[in-house]
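Each residue of the sequence shown is one higher than the one before, starting from 0 at the first, in numbering that gives the first Met the number 0.
To keep things clear, I will list the structure first and then write my remarks on it.
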Amino acid sequence: MPLNNPAYNYSGQQGYSNVDAPYSNHAFSSSTWLEKEQARNRRSKWLLIGGLVGLIALIAIGVGVGVGVAKSHSSSSSSKKSSGSSASVVNQTDPNDPSTFQLDSRLKKSFYGIAYTPEGSQLPDCGNSLEDVITDIQLLSQLTDQIRLYGADCNQTALVLEAIKQTKVNMTVWLGNYPVPTDPAPYERQRDAIIDALKTYGTDHVSGITVGNEFILNYLNANGATDPNSAVGNAGAQLLIANISDTRSAVQALGLSKTLPIGTADAGSFFNSEVLAAVDYGMSNIHAWFANVSIDQAAGWVDEFFQENNVALAQTLANSPKMYIAETGWPTASKDVGNESNGPSVASEPNLQQTFLDTFVCQANNNGTGYFFFEYFDETWKDQEFGGVEGHWGLFYSNRTLKDITIPSC
Ligand SMILES: *[C@@H]1O[C@H](CO)[C@@H](O)[C@H](O)[C@H]1NC(C)=O
Ligand SMILES: *[C@@H]1O[C@H](CO)[C@@H](O)[C@H](O)[C@H]1NC(C)=O
Ligand SMILES: *[C@@H]1O[C@H](CO)[C@@H](O)[C@H](O)[C@H]1NC(C)=O
Ligand SMILES: *[C@@H]1O[C@H](CO)[C@@H](O)[C@H](O)[C@H]1NC(C)=O
Ligand SMILES: *[C@@H]1O[C@H](CO)[C@@H](O)[C@H](O)[C@H]1NC(C)=O
Ligand SMILES: *[C@@H]1O[C@H](CO)[C@@H](O)[C@H](O)[C@H]1NC(C)=O
Ligand SMILES: *[C@@H]1O[C@H](CO)[C@@H](O)[C@H](O)[C@H]1NC(C)=O
Ligand SMILES: *[C@@H]1O[C@H](CO)[C@@H](O)[C@H](O)[C@H]1NC(C)=O
């Protein structure tokens with residue numbers, strides 16, 4: 000069984016990622032960045048052989064040109080709250096008070112954290128609403144007390160903090176800023192949105208700010224390189240570190256009484272040491288499914304990969320950034336039959352996601368691993384833009400109905 004072994008080079012080649020761009024990519028269609036990506040085809044897959052055990056991991060990177068993403072968000076009407084409506088996924092005792100939501104006995108607060116992107120948060124087609132985000136927070140708060148966001152466009156930071164305020168739930172958020180290497184504007188726009196939200200809502204419900212999402216992976220891919228600690232990787236690192244430092248200064252200028260940690264998130268095999276030396280925490284995407292690991296081995300593989308690659312690397316650095324698993328999970332379906340399996344890893348509902356839940360969640364809690372289960376609900380826009388399993392990682396369907404799974408009780 001292809002578990003990592005400690006001899007495996009940290010800067011090495013095991014990597015995989017799913018698609019979690021917060022934007023519809025045509026927001027950047029004029030950029031040379033995207034042109035390069037398109038020239039490389041929308042999806043590149045690298046098969047890379049590593050270590051004694053010869054594990055080959057798959058990297059699936061998708062960059063697509065989004066069309067009509069906002070049009071895919073019509074399912075939001077199913078979440079409208081009115082007590083007595085059979086369409087309600089969450090009922091409130093008082094329809095005007097989101098804090099009076101009724102608990103769903105199938106949901107259990109078993110997760111360390113959950114990855115969340117509010118529906119309709121991809122530029123330029125912002126289509127999110129406070130009402131939907133309130134529904135999401137009502138559901139999420141029954142599963143976990145912390146969530147992480149990927150970006151800050153479409154007012155999602157304020158919407159989430161406002162929803163937490165109105166629902167009065169015990170929830171903290173790891174805010175996200177998703178910079179683009181070739182354009183300073185997205186970073187600055189999101190920084191300003193985050194700073195504004197902190198001014199409005201304070202930090203009681205904020206755990207930290209994650210600057211960068213798969214930045215190094217994307218930078219390497221766009222520049223024809225694979226090693227995150229190569230010269231190319233270090234060049235990308237300087238761009239990202241500039242944004243990290245800038246966020247630190249902007250947060251410091253607020254004179255908050257609480258120190259907010261600043262971190263970054265990347266694919267499991269794509270941590271650059273200089274970036275990690277500049278952050279308080281790192282979050283790592285680790286997906287057994289993309290690494291062709293079978294479901295019965297998946298939870299142990301994720302844990303071992305994380306410990307042997309990410310935690311071990313962080314411990315070699317003077318600042319010892321705290322490491323989290325930014326994303327891990329298992330898809331339940333594929334848009335097309337051809338992509339339903341990836342070697343021995345098979346996307347299916349409900350058994351396989353159920354097995355991953357049963358073997359990962361409580362076990363990771365017990366051994367003190369901080370992780371964000373991927374993800375809250377199926378993202379329709381990903382299914383449309385990227386196909387394959389990309390739109391099918393949710394605990395809930397896109398209409399916010401729980402899948403045919405049993406949430407483990409820890
Ligand atoms: C909300 O209330 C309606 C009407 O009583 C009911 O049909 C529906 O199942 C409830 N939804 C939930 C999630 O409890
Ligand atoms: C962002 O969301 C907050 C919370 O709902 C709201 O008060 C604010 O007006 C929104 N800002 C914009 C620009 O939509
Ligand atoms: C709220 O969440 C924090 C973790 O974020 C936890 O330590 C605390 O016990 C929770 N409080 C309540 C009242 O559930
Ligand atoms: C943020 O990073 C982008 C590229 O990744 C860069 O163009 C921009 O200058 C940076 N901005 C700051 C304030 O560091
Ligand atoms: C930690 O959790 C993983 C599942 O995430 C499990 O496979 C592993 O055995 C656990 N490690 C220890 C030392 O308990
Ligand atoms: C992983 O699965 C893909 C798709 O089935 C296949 O092309 C690839 O060879 C597999 N890799 C390994 C190491 O099994
Ligand atoms: C689906 O499978 C085809 C053929 O193997 C492949 O070219 C394509 O990249 C896959 N799509 C996704 C989203 O994995
Ligand atoms: C939600 O979506 C799932 C999957 O498409 C479907 O089976 C279910 O009937 C839908 N539920 C509602 C209430 O629309």
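All C-beta atoms in this analysis are idealised placements derived from N, C-alpha and C, irrespective of residue type, glycine included.
- Distance between Ser-408 and Leu-316, taken at the CA atoms: about 36 angstroms.
- With a threshold of 8 angstroms, the Cβ atom of Ala-264 does not count as near ligand 4, since no heavy atom of the ligand is closer than that.
- The straight-line gap separating the alpha-carbon atoms of Glu-348 and His-391 is approximately 10 angstroms.
- Three or more Cβ pairs closer than 8 angstroms define a contact, and the segment 213–232 falls short of that threshold against the segment 193–204.
- Taking the Cα positions, Arg-247 is about 38 angstroms away from Gln-352.
- Judged by DSSP secondary structure, Tyr-186 falls within the alpha helix (DSSP H) whose first and last residues are 183–200.
- Assignment of Ser-244 by DSSP, reduced to helix, strand and coil, places it in the helix class.
- In this structure, Gln-306 has its CB at a distance of at least 8 angstroms from all heavy atoms of ligand 1.
- Remark: C-beta atoms of Trp-173 and Ile-208 approach each other more closely than 9 angstroms.
- Selection Val-336, Gln-314, Asn-291 evaluated against Tyr-280 yields Gln-314 as nearest (Cα-Cα).
- Take Gly-175, set aside five residues on each side of it, and the residues of its chain with a beta-carbon closer than 7 angstroms to its own are Arg-147, Leu-148, Tyr-149, Gly-150, Ala-151, Thr-209, Asn-212, in chain order.
- Of the other Cβ atoms in all chains shown, 16 or more fall within 10 Å of the Cβ of Ala-221; this residue is therefore buried.
- Taking all protein chains in view, the Cβ of Lys-381 is crowded by 16 or more other Cβ atoms within 10 Å, so the residue is classified as buried.
- By the criterion of at least three beta-carbon pairs nearer than 8 angstroms, the segment 331–342 is in contact with the segment 286–303.
- Not one heavy atom of ligand 4 sits closer than 8 angstroms to the Cβ of Asp-144.
- Within the same chain, and ignoring the five residues on either side of Asp-335 in sequence, the residues whose Cβ sits closer than 8 angstroms to its Cβ are Gly-386, Gly-387.
- Distance from the CA of Phe-304 to the CA of Tyr-111, rounded to the nearest whole angstrom, comes to 18 angstroms.
- Boundaries of the alpha helix (DSSP H) around Thr-379: 379–385.
- Exclusion of the five residues before and after Gln-237 leaves no residue of its chain whose Cβ lies closer than 7 angstroms to its Cβ.
- Restricting attention to Asn-366, Phe-371, Thr-156, the CA atom closest to the CA of Gln-145 is found in Phe-371.
- Inside the segment 281–308, DSSP marks whole alpha helix (DSSP H) runs of 4 or more residues at positions 294–304, from first to last along the chain.
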